[in-house]
Amino acid sequence: MHFGDFQDAMHTKEVNLFHSRLSFSLNTKLISPVEVVDKVIGYYRANKSDIDISQVEGFVRQIIGWREFMRGVYWKEMPGYANLNKLENYNKLPAFYWTGKTKMNCLKNAITNSLENAYAHHIQRLMITGNFALLIQVNPDEVDEWYLGIYIDAIEWVEITNTRGMSQFADGGIIGTKPYVSAASYIKKMSNYCSGCKYDKNKRVGESACPFNSLYWNFLDDKKKHFENNNRMSMMMNLLNKISKSELLEIKERAAKIIENPDNY
Ligand SMILES: Cc1cc2nc3c(=O)[nH]c(=O)nc-3n(C[C@H](O)[C@H](O)[C@H](O)COP(=O)(O)OP(=O)(O)OC[C@H]3O[C@@H](n4cnc5c(N)ncnc54)[C@H](O)[C@@H]3O)c2cc1C
Ligand code: SF4
Numbered sequence: 149m150h151f152g153d154f155q156d157a158m159h160t161k162e163v164n165l166f167h168s169r170l171s172f173s174l175n176t177k178l179i180s181p182v183e184v185v186d187k188v189i190g191y192y193r194a195n196k197s198d199i200d201i202s203q204v205e206g207f208v209r210q211i212i213g214w215r216e217f218m219r220g221v222y223w224k225e226m227p228g229y230a231n232l233n234k235l236e237n238y239n240k241l242p243a244f245y246w247t248g249k250t251k252m253n254c255l256k257n258a259i260t261n262s263l264e265n266a267y268a269h270h271i272q273r274l275m276i277t278g279n280f281a282l283l284i285q286v287n288p289d290e291v292d293e294w295y296l297g298i299y300i301d302a303i304e305w306v307e308i309t310n311t312r313g314m315s316q317f318a319d320g321g322i323i324g325t326k327p328y329v330s331a332a333s334y335i336k337k338m339s340n341y342c343s344g345c346k347y348d349k350n351k352r353v354g355e356s357a358c359p360f361n362s363l364y365w366n367f368l369d370d371k372k373k374h375f376e377n378n379n380r381m382s383m384m385m386n387l388l389n390k391i392s393k394s395e396l397l398e399i400k401e402r403a404a405k406i407i408e409n410p411d412n413y
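Residue numbers for the sequence shown follow my numbering, beginning at 149 and rising by one.
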């Protein structure tokens, strides 16, 4: 009923929010995509006064848009797709991905939820765990291994395209036109995570600063050769260029410390 409006929201007290939890049944072929789509559209046609078209459109798009698109990319690009690492990331996945033991409240919640339920909804996978892994420049092989091991719906054709492609941009843009990375401002806007966190969402440097903030600008700076000709990145690259050299140096020092030992944060 509220999928379209709240599909990108995250909350510490909610595991599923308005998500369907249908991915396992779809991926194991217990139910077919056409059956789901027909049912939802049928319900909408019969109950137009109860449900808005935007809720239905958002949901149907996930299935016939994203899911079927991912399937097409997998069959077109494999087996080479499994080795792509266009951003040349080689760091290790933090140990806390396997325990949830981190002081960063967003990661603690998204990872604990994933470990306890073998489930996380899309934005937790993309903008919390995936975002952080990309910002600290983890080898996509390790990121794939984690997603494939953790989620009940993880089957290679739909896992690898989402992880290596959409989330880690290791395919250089076959699936998405730009990497899905963000600093704390996006996480704050979409969730209640920051209000219960020991880190300050507004600070970029200093011991209390949210790690996502320095990592975000450091990532853009480290990887700028990959984004120079990407129009969708031009606004962010312009903002990066406006940061003074001395501030960027401080930001990069903070980011380097986090990348060296993410399990300390
Ligand atoms: C890094 C990352 C890894 C992912 N790994 C998987 C995976 O291994 N298996 C998997 O099925 N989905 C994966 N997804 C996509 C998406 O997160 C899940 O399909 C969704 O969270 C499943 O929960 P749900 O059934 O409640 O989905 P809802 O939010 O209710 O969406 C309805 C349905 O739409 C489909 N869907 C939505 N988004 C996508 C998408 N990006 N790609 C494919 N189908 C989509 C799913 O079949 C889902 O059941 C991944 C996304 C990211 C960012
Ligand atoms: S302040 Fe930073 S680390 Fe803490 S919850 Fe917000 S985004 Fe996550």
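We treat Cβ as the ideally placed atom computed from N, Cα and C, and that holds for glycine.
Keep in mind that this is a model prediction, so the values were computed, not measured.
Query	Result
If distances are taken between C-alpha atoms only, which option among Glu205, Phe375, Asn366, Pro410 comes closest to Lys393?	Asn366
Just to confirm, is the Cβ distance from Asp348 to Ser356 under 7 Å?	yes
DSSP on Val286, reduced to helix/strand/coil?	strand
Find out if the Cβ-Cβ distance for the pair Asn175, Ile303 is shorter than 7 Å.	yes
CB of Asn195 to nearest heavy atom of ligand 1: below 6 Å?	no
Whole angstroms are fine: how far does the CA of Asn195 sit from the CA of Gly320?	43 Å
Below 7 Å between beta carbons: does that hold for Ile284 and Pro410?	yes
Is it the case that the CB of Glu307 approaches a heavy atom of ligand 1 more closely than 6 Å?	yes
Measuring from each Cβ to the nearest heavy atom of ligand 2, keep the ones under 5 Å and list them in chain order.	Met252, Asn253, Cys254, Ala332, Ile335, Tyr341, Cys342, Cys345, Tyr347, Lys349, Cys358, Phe360
Locate the alpha helix (DSSP H) running through Met384, then write down its first and last residues.	382 to 390
What is the C-beta distance between Asn378 and Ala318, in whole angstroms, given that I count them as a contact (C-beta under 8 Å)?	Incorrect: roughly 15 Å between the Cβ atoms, too far for contact.
Determine which residues share a DSSP beta bridge with Met218 and list them.	Beta-bridge pairing links Met218 to no other residue.
Going along the chain, which unbroken runs of the alpha helix (DSSP H) with 4 or more residues stay wholly within the region 347 to 383?	359 to 370, 372 to 375
Three Cβ pairs or more, each shorter than 8 Å: is that satisfied between the region 199 to 212 and the region 244 to 258?	no
Which residue comes first and which comes last in the alpha helix (DSSP H) that contains Ser262?	253 to 265
My output table needs one value for Ser202: the three-state DSSP class, helix, strand or coil.	helix
Three-state secondary structure (DSSP) at Asn310?	helix
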